[in-house]
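Chains as they are written, first to last, in this note's numbering: chain E, 3 to 134; chain R, 3 to 134; chain W, 3 to 134; chain F, 3 to 134.
Protein chains: 4
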Amino acid sequence: MFEYEIEPRFNDTDALGHISNTAFPVWFEQARMPIFRLFHPSLDVESWPLILARVELDLKAQTYWGSPVTIRSGIGRVGTSSCEVIQEAWQNGREVARGRGVLIHFDYDSEQSIPIPDDVRARLAEHPVDSA
Amino acid sequence: MFEYEIEPRFNDTDALGHISNTAFPVWFEQARMPIFRLFHPSLDVESWPLILARVELDLKAQTYWGSPVTIRSGIGRVGTSSCEVIQEAWQNGREVARGRGVLIHFDYDSEQSIPIPDDVRARLAEHPVDSA
Amino acid sequence: MFEYEIEPRFNDTDALGHISNTAFPVWFEQARMPIFRLFHPSLDVESWPLILARVELDLKAQTYWGSPVTIRSGIGRVGTSSCEVIQEAWQNGREVARGRGVLIHFDYDSEQSIPIPDDVRARLAEHPVDSA
Amino acid sequence: MFEYEIEPRFNDTDALGHISNTAFPVWFEQARMPIFRLFHPSLDVESWPLILARVELDLKAQTYWGSPVTIRSGIGRVGTSSCEVIQEAWQNGREVARGRGVLIHFDYDSEQSIPIPDDVRARLAEHPVDSA
Chain E
3 MFEYEIEPRF NDTDALGHIS NTAFPVWFEQ ARMPIFRLFH PSLDVESWPL ILARVELDLK
63 AQTYWGSPVT IRSGIGRVGT SSCEVIQEAW QNGREVARGR GVLIHFDYDS EQSIPIPDDV
123 RARLAEHPVD SA
Chain R
3 MFEYEIEPRF NDTDALGHIS NTAFPVWFEQ ARMPIFRLFH PSLDVESWPL ILARVELDLK
63 AQTYWGSPVT IRSGIGRVGT SSCEVIQEAW QNGREVARGR GVLIHFDYDS EQSIPIPDDV
123 RARLAEHPVD SA
Chain W
3 MFEYEIEPRF NDTDALGHIS NTAFPVWFEQ ARMPIFRLFH PSLDVESWPL ILARVELDLK
63 AQTYWGSPVT IRSGIGRVGT SSCEVIQEAW QNGREVARGR GVLIHFDYDS EQSIPIPDDV
123 RARLAEHPVD SA
Chain F
3 MFEYEIEPRF NDTDALGHIS NTAFPVWFEQ ARMPIFRLFH PSLDVESWPL ILARVELDLK
63 AQTYWGSPVT IRSGIGRVGT SSCEVIQEAW QNGREVARGR GVLIHFDYDS EQSIPIPDDV
123 RARLAEHPVD SA
């Protein structure tokens with residue numbers, strides 16, 4: 003699995019005193035960068051070939067500002083033009099959240115999904131995790 | 003259903019040129035306020051009795067800065083201490099996203115779920131939607 | 003002055019319990035839209051002709067989630083290629099923040115400032131405020 | 003000077019394609035943590051003794067997602083109850099922004115400023131920078 007360390011920002015907190023639930027989609031997006039790179043090594047936004055179709059997020063424990071969070075990301079099911087990203091967030095040895103995202107290989111000009119090419123498929127296969 | 007109008011902020015966009023997927027959890031949270039109020043009329047954060055346990059989000063169409071977004075929110079299944087919130091986001095007559103959140107009636111001091119009282123249950127029953 | 007009403011979002015709060023100082027630049031940017039439109043009626047980001055060079059922000063009172071905030075914006079000094087935007091934020095009858103931004107009329111391709119044309123200058127002159 | 007490395011998040015970008023101006027107050031706040039600690043070693047938000055009264059930000063060059071940003075922070079003028087924080091943001095060897103914040107030593111209960119104690123004053127004096 004890919005590992006990415008997030009430093010929670012004070013701005014990720016909310017008035018309830020802890021990290022806002024809304025921080026996780028931001029963190030998980032950032033932690034998907036190595037996966038975006040498997041599709042699109044340049045990460046150039048002008049030719050970005052992916053769209054996020056679905057997000058699932060389970061919030062399992064309170065998360066605190068002041069300690070780093072490790073995000074682990076891997077690839078679940080891969081379909082014709084879609085790919086499942088499974089992510090876990092850990093803080094102080096405890097799993098605080100779990101996410102599942104569905105990415106579509108996508109052509110923004112025609113607004114249509116496009117099949118995942120074999121070379122990308124091979125790279126995705128190197129980072130498997132069990133589907134959530 | 004409760005309706006809440008969101009004015010997308012320029013800051014809700016990202017380098018792909020449109021509204022970021024990460025804006026929806028922020029908007030949906032804000033649009034849940036009338037539902038939070040059914041549980042906790044004062045909305046005082048010191049005695050906040052709810053925790054978000056799960057989020058599901060389907061992104062159905064690109065969303066643009068510059069046009070308002072209407073969020074419709076209603077109550078799906080209600081369990082002993084949990085409650086499902088079903089939300090839709092519409093822009094320019096098109097459904098752009100759909101969300102499902104699971105709220106837990108929660109005591110932050112003991113870190114335990116607590117049953118939803120009957121009066122709250124009665125108020126929730128006035129805003130039903132089909133579960134997603 | 004231009005008036006823009008902001009609905010503070012729960013996500014604009016932080017762990018100190020009130021609106022984060024970081025929300026004001028976001029709100030002020032959104033409230034500058036009528037001013038951006040004086041320069042660039044389409045608001046098309048592909049041909050955006052402005053860059054923000056400087057921000058000053060005075061935080062005058064605590065700001066709360068749950069009440070709308072009115073942002074008033076007007077034009078201060080106008081130079082050859084720059085323009086000062088003066089902004090005030092009011093909540094519950096109290097001025098909670100004051101901002102001053104310096105916008106540069108800018109060509110992103112050549113990365114150079116460009117003089118403000120006379121027609122824009124005339125439109126800016128219709129929205130004067132005293133410079134901060 | 004204190005150094006803090008920020009990893010720009012994709013969510014820090016906006017539709018203009020680069021890092022939003024609104025990211026800098028967020029980054030600078032996070033990078034002030036070692037300074038907050040000089041006042042308040044526990045960083046406990048319940049007894050937080052500081053309020054931000056003023057922010058100045060000069061945006062000097064475009065900032066990009068994909069490369070780390072180093073924030074350098076030091077102490078400028080120190081008054082009876084206020085303290086100036088001078089901050090610089092560097093990316094790829096270039097200064098991209100400069101900030102100046104004014105912190106007030108503050109009692110949130112009485113909503114009044116309080117003099118900076120001598121021990122804090124001594125610790126602040128160990129991190130001087132020229133005032134902006």
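Glycine included, C-beta positions come from ideal geometry on N, C-alpha and C.
Neighbour-count burial assignment, residue i, 16 or more Cβ in a 10 Å radius
i, result
"residue 128 (chain F)", "exposed"
"residue 96 (chain W)", "exposed"
"residue 19 (chain E)", "buried"
"residue 123 (chain E)", "exposed"
"residue 36 (chain W)", "exposed"
"residue 10 (chain E)", "buried"
"residue 22 (chain F)", "buried"
For residue i, the nearest candidate out of the options (CA to CA)
i, options, result
"residue 6 (chain W)", "W:131, W:75, W:100", "W:75"
"residue 86 (chain R)", "R:107, R:60, R:64, R:116", "R:107"
"residue 79 (chain F)", "F:102, F:30, F:53, F:43", "F:102"
"residue 84 (chain F)", "F:63, F:39, F:117", "F:117"
"residue 31 (chain W)", "W:96, W:91, W:124, W:113", "W:91"
"residue 93 (chain W)", "W:72, W:130, W:111", "W:72"
"residue 110 (chain E)", "R:109, R:124, R:55, R:64", "R:64"
"residue 43 (chain R)", "R:133, R:132, R:8, R:125", "R:125"
"residue 14 (chain R)", "W:17, W:3, W:27, W:16", "W:27"
"residue 8 (chain E)", "E:38, E:55, E:39, E:67", "E:67"
Boundaries (first-last residue) of the alpha helix (DSSP H) holding residue i
i, result
"residue 5 (chain R)", "Segment 4-8 is the beta strand (DSSP E) holding residue 5 (chain R); no alpha helix (DSSP H) there."
"residue 71 (chain W)", "From DSSP, residue 71 (chain W) is part of no alpha helix (DSSP H) but of the beta strand (DSSP E) over 71-80."
"residue 105 (chain W)", "Not the alpha helix (DSSP H): residue 105 (chain W) falls in the beta strand (DSSP E), residues 96-109."
"residue 126 (chain F)", "120-126"
For residue j and residue i, the rounded distance between their alpha carbons
i, j, result
"residue 105 (chain E)", "residue 119 (chain R)", "40 Å"
"residue 16 (chain R)", "residue 99 (chain E)", "24 Å"
"residue 41 (chain E)", "residue 113 (chain W)", "31 Å"
"residue 12 (chain R)", "residue 121 (chain F)", "44 Å"
"residue 82 (chain W)", "residue 53 (chain R)", "53 Å"
"residue 45 (chain E)", "residue 39 (chain E)", "6 Å"
"residue 131 (chain E)", "residue 4 (chain E)", "11 Å"
"residue 55 (chain W)", "residue 29 (chain F)", "17 Å"
"residue 69 (chain E)", "residue 24 (chain R)", "22 Å"
"residue 88 (chain E)", "residue 77 (chain E)", "6 Å"
"residue 33 (chain E)", "residue 34 (chain F)", "25 Å"
"residue 133 (chain E)", "residue 133 (chain R)", "24 Å"
"residue 115 (chain R)", "residue 115 (chain F)", "40 Å"
Residue i Cβ short of 8 Å to the ligand SAH heavy atom set
i, result
"residue 44 (chain R)", "The ligand SAH is not part of the structure shown, which contains no ligands of any sort."
Endpoints, the beta strand (DSSP E) within which residue i is located
i, result
"residue 29 (chain F)", "That residue, residue 29 (chain F), is in no beta strand (DSSP E); its alpha helix (DSSP H) goes 25-33."
"residue 59 (chain F)", "52-61"
"residue 87 (chain R)", "84-93"
TODO: Check whether the region 44-60 of chain E touches the region 37-52 of chain W, taking contact to mean three or more Cβ pairs, one atom from each stretch, closer than 8 Å.
DONE: Remark: fewer than three beta-carbon pairs, one from each stretch, lie closer than 8 Å, so the region 44-60 of chain E and the region 37-52 of chain W are not flagged as touching.
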